[in-house]
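Structure record follows, encoded as structure tokens.
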Amino acid sequence: MVAASRDEASLAVRLYNDPAEMRSFEGFVIHMHLAWLYLLHAEFIRDGVDHRSTRRAWRFDHEPEGPSRPDRGEKRQSSSPTITSTTSGA
Numbered sequence: 001m002v003a004a005s006r007d008e009a010s011l012a013v014r015l016y017n018d019p020a021e022m023r024s025f026e027g028f029v030i031h032m033h034l035a036w037l038y039l040l041h042a043e044f045i046r047d048g049v050d051h052r053s054t055r056r057a058w059r060f061d062h063e064p065e066g067p068s069r070p071d072r073g074e075k076r077q078s079s080s081p082t083i084t085s086t087t088s089g090a
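Take the sequence shown: its letters are residues 1 to 90, numbered as in full-length UniProt numbering.
Now the structure itself:
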């Protein structure tokens with residue numbers, strides 16, 4: 001994963017420095033983002049952290065298994081006023 005991260009970062013810099021490339025900045029942003037993502041995944045793998053997405057992406061050991069807020073799952077009341085039409089359909 002670290003090698004893939006390094007390759008993506010190198011590609012990003014090459015694209016950014018290439019004056020003939022039409023979309024060099026966009027390519028730089030995409031590939032540098034991938035480089036950081038691969039590096040983060042490499043750290044997760046090194047530390048033994050399961051980085052796959054779950055129902056709730058970030059849960060720490062001290063948090064309860066169920067909802068952390070009492071209002072979670074309940075439908076919230078809208079605080080904005082209801083707008084109705086005042087014109088007649090005549």
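Don't be surprised by glycine CBs; every beta carbon is placed ideally from N, CA and C.
Bear in mind the structure is a predicted one, so any value in this text is a computation, not a measurement.
No residue range can be given for Ala20, since it is assigned to no alpha helix (DSSP H) and is classified by DSSP as neither H nor E. At the C-beta level, His33 and Phe44 stay beyond 7 Å of one another. Annotation for Ala4: Tyr38 place their beta carbon closer than 6 Å to its own, counting only its chain and skipping 5 residues before and after. Ser10 places its beta carbon 7 Å or farther from that of Tyr16.
A distance below 8 Å between beta-carbons, with the five flanking residues on each side excluded, links Met1 to the following residues of its chain, in chain order: Tyr38, Leu39, His41, Ala42 and Ile45. For Asp50, no alpha helix (DSSP H) run applies, since DSSP gives it neither H nor E. Apart from sequence neighbours up to five positions away, no residue of its chain approaches Val49 with a beta-carbon distance below 6 Å.
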